[in-house]
Amino acid sequence: MKEQNKQGFSKKTLAAAVTAVSAGTLLAVPQLVMAQATSAQDGVLEEIIVTATRRAESVQDIPYNISAVSGDELEAAQVTDAAEMMRSVAGLTVVDRGYRNSGTVNGVVIRGMNIDTGANGDVPLSAVGTVATYVDDTPLYANFVLKDIERVEVLRGPQGTLYGSGSLAGTVRYIMNKPRLNEFEGKVGTSFSQTEGSSGYNLNTDALVNLPLGEKAAFRANIGKIDNDGIVDYANVYKLDANGAPLAQGGDIANGGPVFTSVEDADTVDITYARASVLLQPTDNASIQLSYQQQEDDIGGRRQVTRGTNWVSGTEQSYDDYENGAVILEPSERKVDMTSLEVEVDMGFATLTSSTSDYSHSGTGISDNSGFYATMDWFENLYYGSPRPVARAERFYDDSALVQEFRLVSNAVDAKVDWVVGLYYMDQDSNAGQNSTMPGWAAWTATIPADYTPGLSKAEELVSWAAVVQDQDFYFRRNQNFIDKAVFGEATLNFTQSLRMTLGMRSFQNELVNESQLSLPIWVNYYGNADASFETKESDTLFKGNLSWDISDTLMSYATVSEGYRRGGSNAVPTIGSFAEDPGYLRYDSDSVLNYELGLKGSTDTLRYTVSAFYTDWKDPQLNTATPVWGFFAAMNGDSARVQGVEFEVEGNLSDSLHYNLGYTFVDAELTADFVTPTGVTIAEKGERLPSTAENTFSVAMDYSTALTDGIDWVSRINGYYQSDSENAIGSGLTAAKIDAFQLWGANTSLVTDKWVASLFVKNLFNEDGVTGLITERHMGTDPSEGFLGNASKDYISLPRTIGLSGSYSF
């Protein structure tokens, strides 16, 4: 690592760093604040050390726009969910789907690089996300609970030369705490709170221990549980019989309507998580760390609310606050396991690192698709108009991978050339499936007369037409294997102490095998099964160039040109038989970006700032959507889009006791050509805004600290986040809608000592909805003409106002 200090900061521990925090949440401040207060009194901001370039450097010395969020502050703020954390980082927006869908679809958007609808969430998508996420050195999107984390690093723009070919828009890295040698540490903590809309309470507990095992080894483990009562009432769900079918009024299966009930606070949250690691340091030049991390989620329903109307009472009625109109409950569960082994050897001229990881991420969820069937008129036109219409979709996924990376990072101090080279291998299996059923439908058809054959029931008539009378109407399986091999590297040429140029590349080969099955089980004898099996291979080389110049000891300028890439793939769509879609939907191509960025980083003893301007040209953008005839899951390519904008972050001390963070981003993201389907249909026109992207985002946080008595500090904080309006989808289709601007504010006050912290906090002080995505009325709303009296439309809201107390004790 270079020891020179380009920005003039004194070296300090990262734990004392004052970093950006979750501006949309209430923050409870721990012992960390005492160190911050001392630093503020010295009049010097603490240095933040990151490893984004694969070597430890000050964030101010890295010549591109990177933000770091301290794990100590996340712990203090009780920020356990990534959506909360990301609202403090300039250039990021996030589709906040709540815990139920938190691990299914990557909702992170960096600098407007998104073209997918905000209505996504229940189904693992065909095209991977534009933002790569890493847990240490493992490329995995699992949305772990944010506990015992050293820091989170956010790298904006393509990062493929160091972080994988899928890092199209940026990379988010979660760096976990390592075991600490020769140090015993223990901590227990709890938080008790109540959320608007809930009749219950939230109780979150966790414990941490760090044990030295002699002088050359240490063990570290943390365990915790999140137990939150629900917020959203499922206002009109069907009462079900022992087989899960809707009960009929008066027991009249042929003609009786559904019997409704309500379920209060249905979206309960029950999460357990744990992590354990052992660190061995046999010599001063070598270390071995073995880690295991796991999490299990059991979620009772959606933290999503219905704004429309229903006809359950026989007249049109509006839903109240915090009500969902689904006619069945929609629970989900998932489990994540990750094992990693990191070996590091200092070879003198360079440090060799081997990172091996193996993970498994699986989950299931129940969705009410009744509103979609009703708005498409399927209950009447395809299934003969049951008086108790229901469409239940059980979806599931299983993602597992083996990842191996070798890196060699130069060690020379003040060398003319600093370099990083590496090899990367990933073998990933990802499976997804769906079973859609209409519970009770088969039994109902046996009670009504045939339409065309006197003396038979409808079920008997259907059998005569070669139908298989059953409740399951849709079957889908998608099994994929993805293998990625790459060699990568960067070299920094230090022309002078103040002028540097970095050149980077990543040369890769990948192979994707997709095997899929699809059928309509009721009509399998008529339509048959649709099987699809495809293999795609790609190879390419990505490049990056960066030039940086230290204008003075405290001001750096930089310019970057970088390429980004995201793999293509194949879709599970048939091209022959009754299910036939156009062959153009069989595959989708890779997409790519060319990114340009200019920036300034500057500092004084009491202030530091980053200003950057960026322009990104996006070719062949991938859209996760559905085919037009049968609605099969598919991704397709558009022609082109572009994003441009500016980012600004500043942090400083207004006095010895008053500290602040400010962040602002302007993003202009739009299509630069019509988006045309493979069949030639224009679904969005040139100039349309890209979805889930606010043009303006602003975050602010201020904290004040003072000593009450010897050993006890009093710390108070206020923070806010603003996001301007956005679009839910491109085009004018079923999911298109305008999403209103919103702002979130929080405040806290804390008593802090060396051993314990006690805090009173509030999140979302003014109880804003904070909608970041939605499913529209015309997509999944009510339709009494189809017999569907509920309403499956929904808004994805932020966590409502939450007030609570928290405490922790260290020993």
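Residue numbers for the sequence shown follow numbering that gives the first Met the number 0, beginning at 0 and rising by one.
For each residue, glycine too, the CB sits at the ideal point set by N, CA and C.
Out of curiosity, what's the CA-to-CA distance linking residue i and residue j?
i      : j      : result
Ser331 : Leu773 : 19 Å
Arg99  : Ala118 : 14 Å
Leu593 : Phe665 : 19 Å
Arg716 : Ala75  : 12 Å
Ser704 : Asp413 : 40 Å
Thr624 : Gly159 : 26 Å
Ile796 : Ala81  : 15 Å
Lys754 : Glu767 : 35 Å
Val610 : Leu498 : 19 Å
Tyr63  : Tyr557 : 7 Å
Asp357 : Ser276 : 15 Å
Ser589 : Met635 : 10 Å
Glu393 : Asn254 : 27 Å
Grouping DSSP H, G and I as helix and E and B as strand, with all else coil, what is residue i?
i      : result
Thr444 : helix
Asn209 : strand
Met84  : helix
Val258 : coil
Gln158 : coil
Ala373 : helix
Ile65  : strand
Asn790 : coil
Ala39  : Caution applies to Ala39, whose pLDDT of 41 falls short of 50 and renders its modelled position unreliable; the model cannot decide the point.
Pro138 : strand
Val20  : The predicted model places Val20 with a pLDDT of 31, which falls under 50 and marks its position as unreliable, so this point remains unresolved.
Val58  : helix
Leu461 : helix
Ala700 : strand
Glu184 : strand
Gly117 : coil
Gln469 : coil
Met33  : Bear in mind that the predicted position of Met33 carries a pLDDT of just 38, short of 50, making it too unreliable to give a figure here.
Gln248 : helix
Val78  : coil
Leu73  : helix
Asn176 : coil
Glu510 : strand
Compare the Cα-Cα distances from residue i to each of the options and report the closest residue.
i      : options                           : result
Ala757 : Thr189, Gly299, Ile174 and Gly806 : Gly806
Val107 : Leu91, Tyr584 and Ala706          : Leu91
Trp617 : Ser366, Ile717, Ser591 and Val49  : Ser591
Arg387 : Val134, Leu707, Val268 and Ala442 : Ala442
Leu517 : Ser497, Arg499, Asn478 and Leu554 : Asn478
Val231 : Phe259, Ser87 and Ala265          : Ala265
Glu341 : Asn434, Leu73 and Gln280          : Gln280
Ala458 : Thr308, Gly439 and Tyr564         : Gly439
Gln433 : Val512, Leu278, Asp367 and Asn747 : Asp367
Arg800 : Ser784, Asn790, Gly789 and Ala746 : Ala746
Thr204 : Leu212, Ile222 and Ser198         : Ile222
Asp818 : Thr271, Asp376, Ile365 and Thr692 : A question about residue 818 goes unanswered here, because the residues of the chain that appear run from 0 up to 810.
Lys484 : Ala449, Met425 and Thr491         : Met425
Asp470 : Ser515, Gly454, Thr692 and Phe378 : Phe378
Ser569 : Trp713, Ile174, Glu514 and Asn718 : Glu514
Residue i: buried (16+ other C-beta within 10 angstroms of its C-beta) or exposed?
i      : result
Ile838 : The shown model of the chain, from 0 to 810, leaves out residue 838, and the question about it has no answer.
Glu404 : buried
Gln496 : exposed
Met346 : exposed
Phe820 : There is no way to answer for residue 820, as the model of the chain reaches only from 0 to 810.
Val812 : Residue 812 is absent from the model: the chain starts at 0 and stops at 810.
Asn763 : buried
Trp744 : buried
Ala706 : exposed
Phe760 : buried
Phe487 : buried
Asp472 : buried
Lys146 : buried
Glu534 : exposed
Thr314 : exposed
- Message: Report the start-end ranges of each beta strand (DSSP E) in the region 634-691 that is 3 residues or longer and not cut off at the edges.
- Response: 639-652, 657-670 and 681-683
- Query: Considering only residues of the region 331-381, which uninterrupted alpha helix (DSSP H) runs meet the minimum length of 4 residues and lie entirely inside it, listed in chain order?
  - Reply: 369-374 and 377-380
- Query: Which ranges would you report for the beta strand (DSSP E) in the region 264-329 if only whole runs of at least 3 residues count?
  - Reply: 268-282 and 285-298
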